[in-house]
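S.K.:
Numbering (this note's numbering), first residue to last: -10 to 267.
Right, dumping it as structure tokens:
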């Protein structure tokens, strides 16, 4: 079980994997090169560094805070840690819909207002990256930063977005977060898919070697990772509203329908409900 090696080491790994140098990153981020070289050498990054590096590297800023093992500002925290189960259900239903109906779901999420409310009195659980290393990092990125928190919801998301290729029990995800279950190439790829982070980037950061050849990119999974991210600003009630709207788009699957032509979502009163593949 490896502890967190420091953000400078991880940044150097990522730059090396992408065949980029500090001078390029300085120009792209607007951060003085001397400051970046200091960070790569081991000086803890400031919030302004992470905020500037995020767009240059193509990361969400709050994800870089987790990768750096730095506490993020409360303004960047997900809105409602209790929304995980509803979010997983929404993604499962939306993924089955045709593209035009998925677009309607995305639009509804984007149009919902930010509801200002007090943060929960009990903060969400955070895995200790100093002790548990990269497993804790990945668990914090997905469970915490994607508004899931529920290990069951996290397991569902991983299974859904990998189309069942990677199914991890809630206890296994907990073990990964505590550094007791090793990271494998399949697990890193699954987390990357759900997070919407290129698998190569995540492998470079964690030091896990991916198998060859890697799986081709899945545009639908990437789209659903984006939906998962956008839902972090919603309350449980708002996610439930969108989920119910998405569910209303499902239709009865004809008895003679083939799996090649239809996506099945629910089996209710002896009939499957789903959506035609287009």
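Glycine included, each C-beta is placed from N, C-alpha and C at the ideal position.
Would DSSP call residue 241 helix, strand or coil?
M.R.: Taking the first residue of the chain shown as position 1, residue 241 is located at position 252. Strand.
S.K.: Taking the beta carbon of residue 31 as the centre, do at least 16 other beta carbons fall within 10 Å, making it buried, or is it exposed?
M.R.: Translated into positions along the chain shown, residue 31 becomes position 42. Exposed, by the Cβ-count rule.
S.K.: Locate the alpha helix (DSSP H) running through residue 93, then write down its first and last residues.
M.R.: The count along the chain shown starts at 1 and reaches residue 93 at position 104. 88 to 100 is the span of the alpha helix (DSSP H), which, as asked, contains residue 93.
S.K.: Where does residue 266 fall in DSSP's three states?
M.R.: Mapped onto the chain shown, residue 266 falls at position 277. Coil at residue 266, not helix or strand.
S.K.: Alpha carbon to alpha carbon, how far is residue 6 from residue 304? Give it in angstroms, no decimals.
M.R.: This structure gives no information on residue 304, because the portion of the chain shown stretches from -10 to 267.
S.K.: Could you check which residue in 46, 33, 48, 49 has the C-alpha nearest to that of residue 58?
M.R.: Counting from one through the chain shown, the residue named residue 58 turns up at place 69. It is 33.
S.K.: Label residue 306 either buried or exposed according to how many other C-beta atoms from any shown protein chain fall within 10 Å of its C-beta, with 16 as the threshold for buried.
M.R.: Because the chain in this structure spans residues -10 to 267, residue 306 falls outside the shown range and cannot be described.
S.K.: Closest by CA to residue 125, which one among 209, 168, 36, 175?
M.R.: By one-based count along the chain shown, residue 125 stands at place 136. When only C-alpha atoms are compared, the closest one is 168.
S.K.: Please give the ranges of any alpha helix (DSSP H) in the segment 142 to 204, keeping only runs that are unbroken, at least 4 residues long and fully inside the region.
M.R.: Runs of the alpha helix (DSSP H) inside the segment 142 to 204: 159 to 166, 174 to 184, 188 to 195.
S.K.: At the level of alpha carbons, what is the spacing between residue 279 and residue 123?
M.R.: Residue numbering for the chain in the displayed model covers -10 to 267; residue 279 lies beyond these limits and cannot be assessed.
S.K.: Please classify residue 278: does DSSP put it in a helix, a strand, or coil?
M.R.: As shown, the chain starts at -10 and ends at 267. That puts residue 278 outside it, with no answer to give.
S.K.: In whole angstroms, give me the CA-to-CA distance for residue 216 and residue 95.
M.R.: On the chain shown, residue 216 is found 227 positions in, with the first residue counted as 1. On the chain shown, residue 95 is found 106 positions in, with the first residue counted as 1. For residue 216 and residue 95, the distance between alpha carbons rounds to 7 angstroms.
S.K.: Thinking C-alpha only, which one of 208, 135, 13 is nearest residue 52?
M.R.: Start at 1 with the first residue of the chain shown, and residue 52 comes out as number 63. Nearest option by C-alpha distance: 135.
S.K.: From which residue to which residue does the alpha helix (DSSP H) around residue 6 run?
M.R.: The residue you call residue 6 lines up with position 17 of the chain shown. Where residue 6 is concerned, the enclosing alpha helix (DSSP H) stretches over -4 to 7.
S.K.: Kindly indicate the opening and closing residues of the alpha helix (DSSP H) around residue 105.
M.R.: By 1-based counting over the chain shown, the position of residue 105 is 116. No alpha helix (DSSP H) contains residue 105, which DSSP labels as neither H nor E.
S.K.: My guess is that residue 183 and residue 214 are in contact by the Cβ rule of under 8 angstroms, so how many angstroms apart are they, rounded?
M.R.: For the purposes of this step, residue 183 is taken as residue 194 along the chain shown, with counting starting at 1. For the purposes of this step, residue 214 is taken as residue 225 along the chain shown, with counting starting at 1. About 6 angstroms separates the two Cβ atoms, so the contact holds.
S.K.: Taking 9 angstroms as the threshold (C-beta atoms), are residue 82 and residue 254 in contact?
M.R.: As a working mapping, residue 254 is identified with position 265 in the chain shown. As a working mapping, residue 82 is identified with position 93 in the chain shown. Yes, the pair counts as a contact, with Cβ atoms nearer than the cut-off.
S.K.: Take residue 251 as the anchor and find which of 242, 92, 18, 91 has the nearest alpha-carbon.
M.R.: Residue 251 sits at position 262 when you count from the first residue of the chain shown. Taking only the C-alpha atoms, the option nearest residue 251 is 242.
S.K.: On the DSSP bridge list, what partners appear for residue 261?
M.R.: As a first step, residue 261 must be located in the chain shown, where it is residue number 272. DSSP, once it has assigned bridges, lists 256 as partnering residue 261.
S.K.: Report the CB separation of residue 223 from residue 98 in whole angstroms; it is logged as a contact under 8 angstroms.
M.R.: Position 234 of the chain shown, counted from the first residue, corresponds to residue 223. Position 109 of the chain shown, counted from the first residue, corresponds to residue 98. About 7 angstroms separates the two Cβ atoms, so the contact holds.
S.K.: Between residue 192 and the rest of its own chain, which residues show a CB-CB distance below 6 angstroms, the 5 nearest in sequence each way excluded?
M.R.: Along the chain shown, read from residue 1 onward, the residue named residue 192 stands at position 203. Correct list, in chain order: 177, 199.
S.K.: With distances taken between CB atoms, is the gap from residue 80 to residue 150 smaller than 9 angstroms?
M.R.: Taking the first residue of the chain shown as 1, we reach residue 80 at position 91. Taking the first residue of the chain shown as 1, we reach residue 150 at position 161. Going by C-beta atoms, residue 80 is nearer than 9 angstroms to residue 150.
S.K.: Give me the Cβ distance between residue 28 and residue -1, rounded to the nearest whole Å; I'm assuming they're in contact under 8 angstroms.
M.R.: Numbered from 1 along the chain shown, position 39 holds the residue referred to as residue 28. Numbered from 1 along the chain shown, position 10 holds the residue referred to as residue -1. Not really, about 10 angstroms apart at Cβ, beyond 8 angstroms.
S.K.: Could you check if residue 72 is buried or exposed, using at least 16 other CB atoms within 10 Å of its CB as the buried criterion?
M.R.: For this step, residue 72 is matched to residue 83 along the chain shown. Residue 72 should be labelled buried.
S.K.: If you draw a straight line from the alpha carbon of residue 128 to that of residue 221, how long is it in whole angstroms?
M.R.: Taking the first residue of the chain shown as position 1, residue 128 is located at position 139. Taking the first residue of the chain shown as position 1, residue 221 is located at position 232. Cα to Cα, residue 128 sits roughly 16 angstroms from residue 221.
S.K.: Just the C-alpha distance for residue 60 and residue 90, rounded to the nearest angstrom, thanks.
M.R.: The residue labelled residue 60 in the question sits at position 71 within the chain shown. The residue labelled residue 90 in the question sits at position 101 within the chain shown. The straight-line gap from Cα to Cα measures roughly 37 angstroms.
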